[in-house]
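There are 2 protein chains.
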Amino acid sequence: MKLKRPTLLLDKEKCLHNIQKMKEKADKNGVKFRPHFKTHQSAEVGEWFRDAGVEAITVSSVTMARYFASHGWKDISIAFPVNFAEVDEINELAKTIRLNLLIESMESFIFVEDNIHPKIGIYLKIDAGYQRTGIAVEDHEKILVLILEIMHARHHEFEGLLLHNGNTYHAKSVDEIRQIHTQSMIKIKALKDFLSLHDIVPKISSGDTPSMSILNDFSGIDEIRPGNFVFYDVMQQKLGSCTFGDIAVALACPVVAKNNERNELVIYGGAIHLSKDFITDNDGNRIFGLVVFFDKTGWEEPLENTFVKSLSQEHGIIKTTPELVNKIKIGSFVGILPVHSCLTVHQMREFYSLKNEKITTYLSC
Amino acid sequence: MKLKRPTLLLDKEKCLHNIQKMKEKADKNGVKFRPHFKTHQSAEVGEWFRDAGVEAITVSSVTMARYFASHGWKDISIAFPVNFAEVDEINELAKTIRLNLLIESMESFIFVEDNIHPKIGIYLKIDAGYQRTGIAVEDHEKILVLILEIMHARHHEFEGLLLHNGNTYHAKSVDEIRQIHTQSMIKIKALKDFLSLHDIVPKISSGDTPSMSILNDFSGIDEIRPGNFVFYDVMQQKLGSCTFGDIAVALACPVVAKNNERNELVIYGGAIHLSKDFITDNDGNRIFGLVVFFDKTGWEEPLENTFVKSLSQEHGIIKTTPELVNKIKIGSFVGILPVHSCLTVHQMREFYSLKNEKITTYLSC
């Protein structure tokens, strides 16, 4: 392939390996594997999951649910609080597939009960510590009241309790990720003990990539919904979820200028390609991506002492060493391992495999 | 219009006012107005500039240049270091319009000289303090050597020196913006004095929105290229470039959940809609957008003590007051004034006017 401008490359072998590994872990633990498709956003990548035996999926919007339903997926959970304004699309979709929606308030339950007519599944969103959305896991009474309402719904079904321990993304070590998971499961256990007094035994759906990658024991969980693991990224490597060798996407970017005094390279590859997500290294530097060279079979390990230090709309600035700034020529292409692959995929809207096959997503034109 | 999901609304009256004001300022100063179109990215908004008498424009990529050329623009500067890999597209485009490219090194000049065949204009990129790209303004000899090469080019033309004082975006006050501009112009003056000894009188093209909005005197400048001013945003308001009333775009977002204990609203509207750019307030809070109510003619001033405090892929979390968290209902829509309108426009790829007219961009499907 003749590269012309920033192009997202996907290493299919690494991706298949990531899928296989998570599927095996789910099977070994006897939990249902309902991967989140918001990372890859692609019907073709979805088929690789189907080939691995996956039948049920998670998405983050009605738009994405419609796209995957049109590609043959019959069991889809929208892990996002129900958006009342999309009631027509939800009703249409729920006629043709098993659709699970997410609620976290009586207002939302009443809306769904009154306005969604085909039978759907309803998850109740529980906040086990992340403090983004959901009912606080300690609020046993409030949770009980809502579960009872859902269980007595006209014709919808209670699908279980859904949690997302997104606070693992802020952990400073693998041990802290384990602690966050353990603390959350202790609280979930207390909730389940309380609910069992009322003869309610809810299924538990959980799913952040750091916990699902690092833990081997999923006791207390019935279903897992990780998404990012399909490609991983620099943030996950820093968290300890994966190695650099597991990262399955890299943005190929042309070098357009150099500054030998500052040991900097300017690439065509900016916020509109990578997104502005960053991690902070131990010296306090913001890192918007790491840099790799391409070889015949894909790309190498990240270059040492080299990182994307800033992004404008179309520009990226790479800080590197005197040796590399001399070696890398204007007009050559380098690869950028993204900090947050979900957002980079969303920015780019299509990939190319290493064999030059174009892979589209739900937003490809 | 029945809103269903995050939708970017454009107040045409505010936008026309912003265009008119900048055009008048350019005319009054006798400088050429070559607005940057990377903010709006839209042929239709481009026509509003044409109606105001604009004939020459700036873009940030070959892709964008081709789009605007296909919509009748005949004089386009690509204010981005030339990307060798797009040589075919550049040659094609330069056959039909006046195209100006940007270089900052001998390597790039030689590439252009050897590979671009139709006559083009060449700007030399000067770094007057921002330290992103360009030759340091103090490096008189290096600049002279490159100008002489360009002036003796086979058939290309020397278009002038191009600078972008992007460091004004980090200023803490309007006075600091004035100082950055003044310092940069003192250095440019010294460079021009040096070049005049060699009988070279280069045109100066400058263009950051903060300086162009705040200053009234453009002495020493021949051409201005601001872009963001067409819509402005929360970052520009904080810098002092505009008032809240000048901000011409707002993202309409459905409220999907609430947390009364934390005084938080959850909206459908995340990083994929707004981008992850943020400003930091005086208390150290990251602000990803401000919140407005819609009224019959558009939207009101931002709500007090209320801001978007975090963004995930599709979620936004609004921190607000006990009164507002009670008042705002799940299922209603609020408006978000973006922190960085260029990136929000890029994320959304289309707008709707307040009269419900769809406005497309170069990336609309």
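Those sequence lines, one after another, are chains A and B. Reminder that position 218 of the first sequence reads as 342 in my numbering, one-by-one numbering, no gaps. Reminder that position 122 of the second sequence reads as 246 in my numbering, one-by-one numbering, no gaps. For glycine and all other residues, C-beta sits at the position ideal for the given N, C-alpha and C. Keep in mind that this is a model prediction, so the values were computed, not measured.
Return the CA-CA distance between residue i and residue j, expressed in angstroms with no decimal places.
i: A/K479; j: A/E300; result: 40 Å
i: B/G331; j: B/R158; result: 9 Å
i: B/N340; j: B/K149; result: 7 Å
i: A/P130; j: A/K400; result: 16 Å
i: B/D405; j: A/I328; result: 39 Å
i: B/H322; j: A/Q471; result: 47 Å
i: A/M336; j: A/K147; result: 11 Å
i: A/I246; j: A/D199; result: 13 Å
i: A/E273; j: A/H264; result: 14 Å
i: B/S201; j: B/I304; result: 25 Å
i: A/N239; j: A/V211; result: 7 Å
i: B/I371; j: B/I234; result: 43 Å
i: B/N142; j: B/F353; result: 6 Å
i: A/R302; j: A/N207; result: 33 Å
i: B/I442; j: B/E385; result: 13 Å
i: B/P242; j: B/Y191; result: 19 Å
i: A/Q144; j: B/S456; result: 42 Å
i: A/H294; j: A/Q307; result: 15 Å
i: B/F431; j: A/K152; result: 45 Å
i: A/L226; j: A/G154; result: 24 Å
i: A/T485; j: A/M230; result: 35 Å
i: A/D419; j: A/M125; result: 14 Å
i: B/S365; j: B/G196; result: 31 Å
i: A/R174; j: A/L140; result: 11 Å
i: B/S166; j: B/R222; result: 20 Å
i: A/K219; j: A/I483; result: 29 Å
i: A/N289; j: A/C466; result: 17 Å
i: B/S215; j: B/E237; result: The sequence shown places Asn at residue 215 of chain B, not Ser. Near 12 Å, if we compare the C-alpha coordinates of B/E237 and B/N215.
i: B/F475; j: B/D317; result: 47 Å
i: A/K156; j: A/E179; result: 10 Å
i: A/E182; j: A/K296; result: Before going further, note that residue 182 of chain A is Thr rather than Glu in the sequence given. About 28 Å.
i: A/E262; j: A/I310; result: 11 Å
i: A/S477; j: B/N429; result: 48 Å
i: A/N383; j: B/V469; result: 31 Å
Indicate whether residue i and residue j have their beta-carbon atoms separated by less than 8 Å.
i: A/V458; j: A/C377; result: yes
i: B/Q500; j: B/A395; result: A question about residue 500 of chain B goes unanswered here, because the residues of chain B that appear run from 125 up to 489.
i: B/G393; j: B/L461; result: no
i: A/T163; j: A/F355; result: yes
i: B/K433; j: B/N409; result: yes
i: A/A176; j: A/L217; result: no
i: A/A252; j: A/I312; result: yes
i: B/L389; j: B/T444; result: yes
i: B/L427; j: B/V415; result: yes
i: A/S232; j: A/P205; result: yes
i: B/I250; j: B/N224; result: no
i: B/P75; j: B/N387; result: With chain B covering 125 to 489 only, the question about residue 75 of chain B has no answer from this structure.
i: A/I391; j: A/G422; result: no
Assuming residue i and residue j make a contact with CB atoms under 8 Å, what is their CB distance in whole Å?
i: A/I454; j: A/V380; result: 7 Å
i: B/L270; j: B/L319; result: That belief does not hold up - the Cβ atoms of B/L270 and B/L319 are roughly 11 Å apart, past 8 Å.
i: B/L286; j: B/A203; result: 7 Å
i: B/E213; j: B/V186; result: 5 Å
i: B/K128; j: A/A193; result: Their Cβ separation, rounded to whole angstroms, is 17 Å, which puts B/K128 and A/A193 out of contact at 8 Å.
i: B/V463; j: B/V358; result: 5 Å
i: A/T292; j: A/P350; result: The pair is not a contact, with the Cβ atoms about 11 Å apart (cut-off 8 Å).
i: B/E283; j: B/F368; result: In fact, because the Cβ distance is near 37 Å, the residues do not count as touching under 8 Å.
Taking 8 Å as the CB-CB cut-off, is residue i touching chain D?
i: A/S477; result: Looking at the structure shown, chain D is missing, and the protein chains on hand are A and B.
Item to complete: Quick one: which unbroken alpha helix (DSSP H) runs of 4-plus residues sit fully inside the region 404-457 of chain A? Chain order, please.
Response: 446-451
Discussion item. Which runs of the alpha helix (DSSP H) at least 4 residues long sit entirely within the region 323-374 of chain A? Give them in chain order.
Written reply: 333-338 and 358-363
Discussion item. What ranges does the alpha helix (DSSP H) occupy inside the region 230-269 of chain B, keeping only unbroken runs of at least 4 residues that lie completely in it?
Written reply: 230-239
Worksheet item: Would you call the region 342-356 of chain A and the region 164-184 of chain B touching, i.e. three or more CB-CB distances under 8 Å?
Response: no
Worksheet item: Should the region 271-280 of chain B be regarded as contacting the region 253-260 of chain B, the criterion being three or more beta carbon pairs within less than 8 Å?
Response: no
Discussion item. Below 8 Å, how does it come out for the region 132-139 of chain B and the region 475-489 of chain A: are there three or more Cβ pairs, yes or no?
Written reply: no
Practice prompt. Give, in chain order, every unbroken run of the alpha helix (DSSP H) that is at least 4 residues long and sits entirely within the region 155-232 of chain A.
Written response: 167-175, 186-193 and 211-218
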